[in-house]
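Working notes, structure below.
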Amino acid sequence: MNTAPSVAEVRALIVKHKRWDLAFAVIGTLALMVGILTFVALFADMLIDGMPRLNYDFLTSFPSRRPEQAGILSAWVGSTLVMLVTAVAAVPLGVAAAIYLEEYAPKNWVTEIIEVNVTNLAGVPSIVYGLLALGLFVYQFGLGQSILAAGLTLALLILPVVIVATREAIRSIPSAIREGAYALGATRWQMVSQHILPYSIPGILTGVIIGMARAIGETAPVITIGALTFIAFLPPTPISGAFPFLSFEWLTAPFTVMPIQMFNWTSRPEAAFQANAAAAGLVLLVMTLSMNALAIYLRYKLRKNIQW
Amino acid sequence: MTSTVAGIPAIATVPPIVSHRLARRHTRHIKERIIEFFLFLAAASSVFTTFAIVYILVSESWVFFQQVPLRDFLFDTQWTPLFSDAHYGIMVLLSGTLVSSSVALLVAIPLGTIIAIYLSEFAPFTVREVAKPFLELLGGVPTIIYGYFALLFVTPLLQKIFPELPGFNLLSAGMVMGIMIIPYVSSISEDAMRAVPMNLREGSYAMGATRFQTALRVVTPAALSGIAAAYILGISRAVGETMILAVAAGMQPNLTWNPMEPAATVTAYIVQVALGDLPHGSIGYQTIFAAGLALMLITLFFNILGHLLRKYYRQAY
Amino acid sequence: MVATPIVEVTSAANPQQSKVLKAEVVDLNFHYGSVQALKGINMPLYEKHVTALIGPSGCGKSTLLRCFNRMHDLYPGNRYEGRIKLHPDDTNLLDPKVDPIEVRMRISMVFQKPNPFPKSIYENVAYGLRVRGVSKRSVLDDKVEEALSGAALWGEVKDRLRDLAFNLSGGQQQRLCIARALATDPEILLFDEPTSALDPIATASIEELIGDLKNKITILIVTHNMQQAARVSDFTAYMYIGELVEFDATDTIFIKPKNKQTEDYITGRFG
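Printed below as a string of structure tokens:
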């Protein structure tokens, strides 16, 4: 039974089928365009609404009842200090956890539980971290609604990002490097600290930047712990004139951050405040996008440069 | 042979001469163990975090449920915890979450899947290299900015089509949330598709299949569990999203299935309470933990489902 | 090494009674980007015979095979020069105007590693027909049974056609892939080292199958195993770094090759 169609029939069939190829290529391009155009619209919207308000005074003024005098000084200082705490807490903890999981962890149920946990934490909604921090940091530990509490909250939030990125960086180092170090008599820690860590720094950095970009834009958990929306003063400076010249009083100070300031202005009905929101949003957007772009660029460079 | 065997005891009787560094291996061993212990503690911190989340949510909710029966919590159709005639029907908040998430997924799943198939199977190399970082940036935009965009750009736009649409509504918030979720769906789905071995595609092309046939009949089924995991991540993002809804959908509890109405979600309610100043330990304060527990249970369910699917998908090849 | 590849088929090289030309490779050059992988190949392919391509790894035998169904079109930067004429209609398979899909609908392929689709056994075999727009159940049922029988697999799987193809053994998977290729009645069947991932017993069953199939279909097979070439093929082409060194009846190649280099390779002194 030979039902093979003739060459002419085959050709007609192919023409018919290839229409679907073309149709899908068009649909796919359109879908991609929806994403990209939304991004462009969002950026343009921020730019048009916020650009007129963006000037030196806006960056150096406190929020105010009068929209044209309001600025984001306390917000960006607050964001910077919170990020400092977040980085100091999340980076060592995340890198150490990743090193343990990649280089030390035995294959047993404890490790399995930790692995499942890291994956699960990455999927926990950010507001739940806010509730955790409200119950634990603010009330149980008595940290209050402080920069320290906010920084630690965001550190927990980005911990999975740092761990996953570090693990990937470590995993990409070939085992020959490890064997080479061991063959010279290195202990495990010597091998890790002198070889694995230095070689995985670019990868770790990429993960840290992405994590920090996420933390700086997070609003919900910081609101949940009770950050104030109207702060017209700065936290105490970390450097003091008298001995010991370093002060940690700022850690316990009340604060606000960029996204909360933006949220506060967005929810005001006056158009003038919404222009302030757009201007704050523009600053925030440029900050997060440049951090993300830097991370993408670093990863791209990394793939190009390293050929194990 | 015999000479070697005979030689061994002779060597063993001579005291071994080794370097002093090896002689100090005991302290070195202890130092190594201490380092390992600290690294273990760091890794275990993730488990502590989970325990802390569960402890806080459950202990605060426990107090709450001693005053509000679980039956009322689940089946009451009003949510007015701050009124004198207090009702605690979580259904009201869940309806907002459900409607906004459905709108978001109706946007994100089709578009995300199409983009993934297009980028993995159709797009020329340069298009993929440009589009992927762009999508990644889309996923990196802070959600408060999406909230602003939904409230002050998308809603006015939609009001031109539906003049009766209120300023706060689930539709606009849901659509923008959908756009926000696209990168999560598309990048994980695309990874799953690209993990499909080339020889499977070759097998299909060798049968005379077109690109579209290969993508739809071979690559997509082969990557199905990975794609499903991407959808589940999208769902849990949508359910847990807060700021877009708090800004653009309003904070008014409203039991509704209509996306054209304003309604508070579980997450928006938590924000609303946190913005006010409820005294620590009051029932109003505890409602947010009960709401958080409900949220956590929903996302946990989806996360576990996603984990199982990913595990299955790793086994496939 | 060899100045010009000489291809000649003497009448003495005819092991079977009739010899009809099915396809003809004419002055074929192939480039992967800037690397020339095939150089001036000329070779005939006879209908309902098995032709084997042998040679050391990297000689271009798989590259040549994959020219026949334009698999190289899937990857950017590949370039063909010359022709592969398919008889009786004299279509040049490599003509850019000829759609590679049309070529692949006429010429099917079985791969080195069994690559069943993540579908049921039935759907795997029916795939080629579905791709061609056949959806009538009775037609599909008939063709699936016919193809599975043709691949000597029907008896083993007829009670579990709905099972996932991954559950079959390696040898069964490869026979399933052959059935999949047979179901669409191809004019030529290409085999790219079809047994290299299989154990000796599965290999024997595939070789036996190839012996049966050649009564119905033209076969081109790449093999790294000279004994296999000797066992299954009627004609053999020996290739070396992109050139066709010698083409002749398999018996001639293995018993009295004309070229010294072929002889060295056959006898294991080289390669």
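Chains as they are written, first to last, in this note's numbering: chain F, 41 to 348; chain S, 4 to 320; chain D, -6 to 264. Every residue, glycine too, gets a C-beta built ideally from N, C-alpha and C.
query, result
"Nearest-angstrom beta carbon gap, Ala260 (chain F) and Val66 (chain S) [assumed within contact, 8 Å]", "So it is not a contact: roughly 23 Å between Cβ atoms."
"Partners in chain F for Phe128 (chain S), counting only beta-carbon separations shorter than 7 Å", "Result: empty, since nearest Cβ-Cβ is about 14 Å, beyond 7 Å."
"Rounded straight-line distance, which links the Cα of Leu108 (chain S) to that of Pro107 (chain D)", "38 Å"
"Counted within 10 angstroms of its Cβ, other Cβ atoms place Arg214 (chain S) as buried (16 or more) or exposed", "buried"
"Closest Cα partner of Gly253 (chain S) within the set S:Val242, S:Ala241, S:Val269 and S:Asp88", "S:Val269"
"Per-residue burial, Ala63 (chain F) [other beta carbons within 10 Å of its own, 16 or more giving buried]", "exposed"
"Nearest-angstrom Cα separation, counted from Leu67 (chain D) out to Thr235 (chain D)", "The residue you asked about is not Thr; residue 235 (chain D) is Gly in the sequence shown. Distance between the alpha carbons of Gly235 (chain D) and Leu67 (chain D) is about 21 Å."
"Three-way DSSP call (helix, strand, coil) for Leu197 (chain F) in this model", "helix"
"Cβ of Ile249 (chain F) within 7 Å of any chain D Cβ", "no"
"Proximity test, Val106 (chain S) beta-carbon vs the ligand PLP heavy atom, cut-off 6 Å", "Absence of the ligand PLP from the depicted structure is noted, as is the absence of any ligand whatsoever, leaving it without description."
"Where Leu141 (chain S) meets chain F, residues with beta-carbon distance less than 7 Å", "Gly75 and Phe79"
"8 Å Cβ cut-off: residues of chain S touching Asp97 (chain F)", "Those do not exist, as Asp97 (chain F) stays about 22 Å from chain S at its closest Cβ, beyond 8 Å."
"Interface partners of Trp149 (chain F) on chain S, CB under 7 Å", "In chain order: nothing, as chain S lies at least about 12 Å away."
"Beta-carbon neighbours of Arg125 (chain D), restricted to chain F and to distances below 7 Å", "Leu53"
"Burial state of Arg155 (chain D), where buried means 16 or more other Cβ atoms lie within 10 Å", "exposed"
"Ile246 (chain D) versus Thr255 (chain D): straight-line alpha-carbon distance, rounded", "8 Å"
"Distance between beta carbons of Val19 (chain D) and Gly75 (chain D), contact taken as under 8 Å", "6 Å"
"Contact set between Thr259 (chain S) and chain F, taken where Cβ atoms lie within less than 8 Å", "Correct list: empty, because the minimum Cβ distance to chain F is about 21 Å."
"Straight-line gap, Arg125 (chain D) to Ile112 (chain S) (C-alpha atoms, nearest Å)", "30 Å"
"Run of the beta strand (DSSP E) containing Thr229 (chain D), from where it starts to where it stops", "Phe228 to Tyr233"
"Among S:Val71, S:Pro72, S:His90 and S:Phe86, nearest to Thr80 (chain S) - alpha-carbon criterion", "S:His90"
"Inter-residue spacing [alpha-carbon to alpha-carbon] between Ile191 (chain S) and Ala241 (chain S)", "16 Å"
"Under 8 Å (Cβ pairs) to chain F, residues found in the stretch 91 to 109 of chain D", "Asp92, Ile94, Glu95, Met98 and Arg99"
"Neighbourhood of Gly321 (chain F) by C-beta, 7 Å cutoff - its chain only, sequence neighbours within 5 removed", "Met86, Gly90 and Met302"
"Interface residues of chain S facing Arg93 (chain F) [CB-CB closer than 8 Å]", "The premise fails here: Arg93 (chain F) is roughly 14 Å from chain S at the closest Cβ pair, so nothing lies under 8 Å."
"Chain-ordered neighbours of Thr213 (chain S) on chain D, where CB pairs are closer than 7 Å", "Ile94"
"Length of the line joining the Cα atoms of Lys32 (chain D) and Pro81 (chain D)", "26 Å"
"Contact with chain F by Tyr187 (chain S), beta-carbon distance below 7 Å", "no"
"Among S:Phe128, S:Met178, S:Trp260 and S:Val50, the one whose alpha carbon lies nearest that of Gly99 (chain S)", "S:Trp260"
"Whole-number beta carbon distance between Met98 (chain D) and Val50 (chain F), since they are thought to touch under 8 Å", "5 Å"
"Chain S within 7 Å of Gly164 (chain D), Cβ atoms only", "no"
"Those residues which DSSP pairs with Lys78 (chain D) across a bridge", "D:Glu17 and D:Asn85"
"Any C-beta of chain S under 7 Å from that of Gly70 (chain D)", "no"
"Residue(s) in a DSSP beta bridge with Pro37 (chain D)", "D:Glu17"
"Min CB distance Met94 (chain S) to chain F below 7 Å", "no"
"Val201 (chain F) versus Pro214 (chain F) - alpha carbon distance", "22 Å"
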